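First up is the structure itself, then whatever we jot down about it.
Number of protein chains: 2
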Amino acid sequence: MAKNGESPGTGAFGSGAPDSGAPGSGGPRAGGLGPVNPTASAAVTHRPLSGGDVRLTGGLLGGWQRRNREASLPQALRQMETAGNLDNLRLAIGGTVDRYRGPVFMDSDLYKTLEAIGWELGHGASPSLAGFAAEATALLEKAQQADGYLNSYVQATRSQRYQRLASSHELYCAGHLIQAAVAAGRTFDGGALLKVATRFADHLVDTFLGSLAGLDGHPIIETALVELYRQAGTETYLQLATQFVNQRGRGLIGDSGFGIRYLQGHLPIRESATMAGHAVRALYLEAGVVDVAVEIGDAELLASSIARWDDMVATKTALTGGNGSRHSGEAFGDSFELPPDRGYNETCAAIASFQWSWRLLLATGDAKYADLMERILYNGFGAALSADGQRFFYVNPLQRRSDHFENDDPGRRRGWFSCACCPPNIMRLLASLEHYIATVAGDVLYLHHLAESSVTAPLAAGRFSLDVVTRFPWDGLAEFRVSSAPAAECGLAVRVPAWSRDMAVSLNGERLESGPDDHGYLLVRRRWQPGDVLTCTLDVRPRLTYPARRIDALRGTVAVERGPLVYCFEQADQPRGASVEDLALSPAAPGPAAPSPSPAAPAPAAPGRAGLRDREDALPGIGQTVVVEADAVRLPPASSAGLLYSPLPDPGLAGEPATAVAIPYFQWDNRAGQAMRVWMPLGPPGGPVTRDNPAEGRAPLPTQDE
Amino acid sequence: MAKNGESPGTGAFGSGAPDSGAPGSGGPRAGGLGPVNPTASAAVTHRPLSGGDVRLTGGLLGGWQRRNREASLPQALRQMETAGNLDNLRLAIGGTVDRYRGPVFMDSDLYKTLEAIGWELGHGASPSLAGFAAEATALLEKAQQADGYLNSYVQATRSQRYQRLASSHELYCAGHLIQAAVAAGRTFDGGALLKVATRFADHLVDTFLGSLAGLDGHPIIETALVELYRQAGTETYLQLATQFVNQRGRGLIGDSGFGIRYLQGHLPIRESATMAGHAVRALYLEAGVVDVAVEIGDAELLASSIARWDDMVATKTALTGGNGSRHSGEAFGDSFELPPDRGYNETCAAIASFQWSWRLLLATGDAKYADLMERILYNGFGAALSADGQRFFYVNPLQRRSDHFENDDPGRRRGWFSCACCPPNIMRLLASLEHYIATVAGDVLYLHHLAESSVTAPLAAGRFSLDVVTRFPWDGLAEFRVSSAPAAECGLAVRVPAWSRDMAVSLNGERLESGPDDHGYLLVRRRWQPGDVLTCTLDVRPRLTYPARRIDALRGTVAVERGPLVYCFEQADQPRGASVEDLALSPAAPGPAAPSPSPAAPAPAAPGRAGLRDREDALPGIGQTVVVEADAVRLPPASSAGLLYSPLPDPGLAGEPATAVAIPYFQWDNRAGQAMRVWMPLGPPGGPVTRDNPAEGRAPLPTQDE
């Protein structure tokens, strides 16, 4: 297996170039290598654009990436000082601070920050980011012990190495160090951080390869070692990752106090049929499983991961793409256990799931993985940041009640956390977001996510470049404007999202009558010319979404989605003081045809769309958005004197016609911290019902018991 | 305020009387004092039968009490050795064991066991129970320090006293010691344990009365000190309890790591409008609040507790009477946050709520408190024990899914716990159960709970004795056979349960046309004669119960109840292999008139009863029961390939007619650990629907999107 990643060797700390302040406008990058770069011999269907380039040039995602650079990352840099992450390293070196601060995995917050800086410096120079990276790297070099070991907690507290791996996070921290170093190595670093990481990895190989010890309670070392193998070409890294994957579930890991399922220690991974235990751990492990499977060519191992992904999506995933139904153990729950109010849906789990799906997309080329990535990106992940990029959610529920206590999760977003795993994790994903947009398979350029961007793919026949012009997700229209193309025929494939049954397509103004292929992509093959424009129009009109019968916590409710966006009903937007807790959607009511902001989509309002109206708007605290109004029923408020349990069905379906107002879920909690619901009670079919005018056909409400 | 409890001074350890083996058949008891005995000056409406007597002579509750003595308590005695509770005391004394075992509150398990023994020895002699009590009391006497302090953890580990009261449970353990000593003092003890407890209480008074220190993270010391004041007459105990109640919520308690709401430290108790934080702590605190309020005559304090009780019952109580919606923090949740699957409903919370309601019942005389006690007793509490009395639930959910992992709560009942607060708590309540049956108010004997029993009340005009003959709750018929009565007119009052709209009453065979009074009791005043028989017939036919609209987790479901019993649908009882997860009740279907086992209740089947049929049965592993069959729809199983979220409403309401079978919730988990549901999806009105025969009047199921 060949080493296919090269350290560019051209970057330098503290580049003299002025801070561009915006991604996408910076200097050249070395081959555009992203976080996941399978070797030439890996068993993958798609390949990322190694040697190509993708830039987010604007739009919602480009704006998120810019906000990450300008608002979020500076906050992380400050926190690395104030929360003690850097001081812990200084203490390990023998500095003057007097005690270790924070959880045992404080190093990992720094590593994720460094990884984010790495990807950002690939977008353009920044003296502040580069300066921080240089200082931190110098600290790490000094703290690293002679044999390569590096962990500020163990060193500063003079603890024994590897004695409590179920909870010490030593290899977890090592994994994030490696990932940071790979990012640095693929963008700006002259090799300093990569040298620290490879010394640590070599130490891990020496210590654990061929041994029954070394399983960390929190996976990520697996995927990190595979990527370092991809970067450095050292086969023992892959071998150690493979060993860790194969050893899990065989009684080797001990217990961190939460049971062995928490640590995915309950079953060998190949025998496990469903996601269990701590969601972030389980999901990072799967990323490593896929990485190992494709690099060693183990189809059975890959198939087991795919089976768990299918089960997760069929039984254990929130509408927002979130995972982890339980606060207890931050864990996956039973099948169909998906409470909107107490769903944990940790931000890190969304990121880990996104990373797992990307690896499965590369392995298989199936659009369903990109569908989930999109659902996560715009919803379960997107909501983790405030509109200003300075506050973060750790837990991402789909409901907050009006009397919810603020300091109980779900509370408000916070500026940082004592367990700060999520904020820098958000930053490293946003900083590398463009790498998840496009792939190449043979002579076809695949575009998985619509975003204002420029894409250059190195096809065998030559470079294929295009600009994507779109206001997606606000609008369903996207133009793919070819700026250069190979002389030979090649393909351009665009994912048809699962949420859009119809995607209208035209080429240079002429409608194409083609639909998605078996993998979910619309593929156009031709000899492309500069100036060619492929136009796709997705139906982003608001629509209703119903939960499966087995989701007990969502019975009798309905949600509103629009394009890839899950919507939510936040108290701040409801008219005339109506409580969001006393509104039921009344979707079957006849309503005016929904105007669509996109020129296509001529269909009139129909079941599934009726009673929903959208409009572009800008809201204080939120900014640009598309608001959806829904026909609803306003129910009498619950009386505190009312019976919680009654021999009579609740007469709550009787009420006055009303309009309920929804905004994208990712924009919630940017005003006062009030009630929010994604899933709304489903009012009576046939429109608003009043006590004087009961809907025909429904059983009359009983007025007394027998 | 007068001392009104007297140590009988006649009991002795290791009584020579043979172990009767059954409660109710033992020797005389000293005045029948129970766990709660307000002073003569207390502001209460009802008084327990001080100087009277109640015995459970058979039936379901009498059987529970006998099982407690014969099966559960011997298990506790063994566990006190094997789990280390006694060894911890030996270690504190300077014994040969080498280390403290278990949580810091291990002493409290022993104290609860001793309290249970105390009440049991009031039922009749038992050399084994008395011998254990004598040995444990001798250990406690030796372990108690010169100034009265006693705590095996602090002493054995040489920790500092009172340094971490938010989590050290020192006063919590002291409270349970006091309660055990009060029980012993009111039944069998010559005063040895009471002397230990009063020495500790005197030390607490010396240490904390008038100080700003002393608030324990886990309340119970408040109610314990008041009861010791009632027993011993020492006013400073009441003063210290009052101080602890008034000090809570004023920033004096610190934090145990779970936030101050967890410890009820967020608001002064008089300003708190809703139950919050750790449920057991919050509920024990309320018992102390009521005790203090009635003893110091603080109507405002009592009113605040009543307001929280009303709020709890209106917004935060499971159908089983359970409290605590969250595993995280074992805590109360938001209003209407009542998930059946993840509801925590700790057994200790049920016991604490039962104790709080009893105190409010004494204070006010309102039947609603007895209604909740009954709901708890037969459901949320009753389910905590296996049929054989040897296994215990800590967490009491209302649903377990078929794929639920056994070691996740709700799993199976267990023989003991590393945190074993619940089993001996169950035992002390069951051993004292007869004390919660009856009260006296003026010249009226109140019977709050129907149970096979004999009751003697000391009315001012003379003793009023009767035997209660009933098969309740299996049957709704109860006869009150008067065996002796005062010469003067007096009253007999029987609670009319909230679940029974009609209670037929006859006196010596003649029907009485009277209904419940304003407080919920049927009161018959006359000059009673020996041989008089009052007969009450409650309607225990099975009935449907609907959740309030605001309970999101129960939307679209219905439950079955029968008399005081909540029912559940356990997989083991469903016919022909139908999965309990694919059944929906179809209650509006016309069904045969429900036969009633009681002679009254002539009404034909009607909405709320239709489609439900009951029959007495005996089931393997369970024994005597009444099974309820319900008209249902059997739905197609969920496919793992199905969509979790869909643009179409789930067509799951279409299915085949079926019969769903329910048993009392308290009897669940006595067969294989399979799926269980209390709340069942509510099928379509109008009876079973098949795809070929859709019910009229309902919107047709869409077959495609637009």
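Protein sequence lines, in the order shown, are assigned to chains A and B.
Under my numbering, read the first sequence as residues 1 to 706, first letter to last.
Under my numbering, read the second sequence as residues 1001 to 1706, first letter to last.
Note that the Cβ used here is the ideal one computed from N, Cα and C, for glycine as well.
These numbers come from a predicted model, not from an experiment.
Gln179/A is positioned such that its CB atom lies closer than 8 Å to that of Tyr111/A.
Within its own chain, the residues whose Cβ lies closer than 7 Å to the Cβ of Arg481/A, once the five positions on either side in sequence are excluded, are Leu466, Asp467, Val469 and Val533, listed in chain order. In the displayed model, Phe1569/B falls within a strand according to three-state DSSP. No Cβ of chain A is located within less than 8 Å of the beta carbon of Asp1107/B.
For Tyr1436/B, same chain residues with a beta-carbon under 6 Å away, outside a window of 5 residues either side, are Trp1358 in chain order.
Ser1646/B carries a strand assignment under DSSP once its states are collapsed to helix, strand and coil.
Going by C-alpha positions, Ala461/A is about 7 Å away from Ala487/A. Glu1227/B carries a helical assignment under DSSP once its states are collapsed to helix, strand and coil. Under the 8 Å criterion on CB atoms, Asn407/A is classed as interfacial with respect to chain B. Residue state for Asp408/A is assigned as coil, using DSSP reduced to three classes.
Of the residues Gln571/A, Leu77/A and Gly122/A, the one whose Cα lies closest to the Cα of Gly131/A is Leu77/A. DSSP places Arg400/A within a strand segment (E or B) once states are collapsed to three. In the DSSP annotation of this structure, the continuous segment of the alpha helix (DSSP H) that includes Phe1208/B starts and ends at Ala1192 to Phe1208.
When only Cα atoms are considered, Pro219/A and Ala174/A end up about 10 Å apart. In this structure, the CA atom of Ile1221/B is about 58 Å from the CA atom of Glu120/A. The continuous stretches of alpha helix (DSSP H) do not include Leu1377/B, and DSSP gives it neither H nor E. By the criterion of at least three beta-carbon pairs nearer than 8 Å, the stretch 1225-1234 of chain B is in contact with the stretch 1031-1046 of chain B. Among the residues of the stretch 101-129 of chain A, none has a Cβ less than 9 Å away from any Cβ of chain B. Against chain B, the CB of Asp366/A has no partner CB under 8 Å away; the residue lies outside that interface. With fewer than three CB-CB distances shorter than 8 Å, the stretch 367-377 of chain A does not count as touching the stretch 331-346 of chain A. The residue among Leu1225/B, Arg1164/B, Gly1324/B and Val1566/B with its C-alpha nearest the C-alpha of Thr1625/B is Val1566/B. With contacts defined as CB atoms closer than 8 Å, Ala1273/B and Arg1248/B fail to qualify as a contacting pair. Of all alpha-carbon atoms in Ala630/A, Gln239/A, Leu398/A and Pro649/A, the one lying nearest the alpha-carbon of Val661/A is that of Ala630/A. Ala279/A is not a Cβ neighbour of Ala197/A, given a cutoff of 8 Å.
When secondary structure is reduced to three states using DSSP, Asp617/A falls in the strand class. For the pair Arg1463/B and Gly1191/B, the Cα-to-Cα distance works out to about 29 Å. Against His1404/B, the close residues of chain A are Asp334, in the order they occur along the chain (beta-carbon pairs closer than 7 Å). Between the alpha carbons of Tyr284/A and Phe381/A lies a distance of about 16 Å. Beta-bridge annotation (DSSP): His278/A is paired with Ala331/A.
Around Thr1545/B, the beta-carbon contacts reaching into chain A at under 9 Å are Tyr645, Ser646 and Pro647. The stretch 49-59 of chain A makes contact with the stretch 428-446 of chain A; the number of CB pairs closer than 8 Å reaches 3 or more. Buried is the label assigned to Lys316/A, since at least 16 other Cβ atoms lie within 10 Å of its Cβ. In this structure, DSSP gives Arg1359/B a helical state, which the three-state scheme calls helix.
Pairing Gly1655/B with Phe1569/B, the inter-Cα distance amounts to about 18 Å.
Taking each of Leu1612/B, Ala1578/B, Leu1648/B and Arg1671/B in turn and checking the Cα distance to Arg1634/B, the smallest one comes out for Ala1578/B. When secondary structure is reduced to three states using DSSP, Phe1336/B falls in the coil class, being assigned neither helix nor strand.
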